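Working notes for the structure below.
Numbering (my numbering), first residue to last: 8 to 207.
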């Protein structure tokens, strides 16, 4: 895909993500996205078929940004318990940084993704499963090395841990003092993981 096409498409996705976050998916029209972009409707339709098409791409882009933020964290890299605990804390801080820097992205993932696509109603479910499997890779490393209990299903734990992360992110979006809730939230998730799942 030519660079100019990629740049224009990305600009449309950024504009759409911003408007979706501000107005909500269902209250947003193509005209609202075009106005935010400062372009005509024709520009939009050269790159996307309809609003559902761009919404799918916005969600995919948001998921990609989350994965990029964690791209330097190798699920199997930690060999000692202190390293593993530090990795958990590092990931927590990176996710908090992302929510603080990209609130529109998080609004899309945690609010709009559930309802944006009539043609693919399981879009949010598949995204949640993929995220859970990613988290499960870190859980399995902890289990394999004896840091975490082996008698629990890593994928189910991944879903549960991600549920805590999503709840924290949603609260952060509406927090009056986001910095004040960062450390208590990360510490609590860490405690639940290691005291609740810790290997005896």
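Think of the CB as a built atom: it goes at the ideal place given N, C-alpha and C, for glycine as much as any other residue.
Every value quoted in this text rests on a predicted model; they were computed, and no experiment measured them.
Short of 8 Å from the beta carbon of residue 26, and not among the five residues preceding or following it, lie these beta carbons of its own chain, in chain order: 35, 39, 40 and 43. DSSP assignment within the region 157–197 yields the following whole alpha helix (DSSP H) runs of 4 residues or more, N-terminal first: 161–180. Here residue 155 carries a strand assignment [DSSP, helix/strand/coil]. DSSP, reduced to helix, strand and coil, places residue 55 outside both helices and strands of the structure shown, so it counts as coil. Rounded to the nearest angstrom, the Cβ distance from residue 103 to residue 179 is 7 Å, consistent with a contact under 8 Å. The criterion of a C-beta distance shorter than 8 Å is not satisfied by residue 116 and residue 64. An exposed status is given to residue 133, since fewer than 16 other beta-carbon atoms sit within 10 Å of its beta-carbon. Taking a contact to require three or more Cβ pairs closer than 8 Å, the region 148–157 and the region 79–94 qualify as touching. Using a Cβ distance threshold of 8 Å, residue 111 and residue 22 do not count as a contacting pair.
Close CB contacts of residue 142 within its chain, under the 6 Å cut and outside five residues either way in sequence, are with 165, 168 and 169 (chain order).
Residue 83 sits in coil when the DSSP states are folded into three classes, being neither helix nor strand. Note on geometry: alpha-carbon atoms of residue 135 and residue 16 lie some 25 Å from one another. For the set 150, 114 and 32, the Cα lying nearest the Cα of residue 181 is the one of 114. Shown here, residue 48 sits in a helix according to DSSP, grouped into three states.
For residue 88, the enclosing alpha helix (DSSP H) stretches over residues 88–108. Residue 175 counts as buried, since no fewer than 16 other beta carbons sit within 10 angstroms of its beta carbon. Residues 37, 38 and 41 of the same chain have their beta carbon placed closer than 8 Å to that of residue 48, with the five preceding and five following residues left out of the count. Pairing residue 95 with residue 197 gives a Cβ-Cβ distance under 8 Å. Rounded to the nearest angstrom, the gap between the Cα atoms of residue 203 and residue 159 is 11 Å. Inclusion of residue 193 and residue 71 in the CB contact set at 8 Å is not warranted, their separation being larger than that value. For residue 30, the CB contacts under 7 Å within the same chain, skipping 5 residues up- and downstream, are 39 in chain order.
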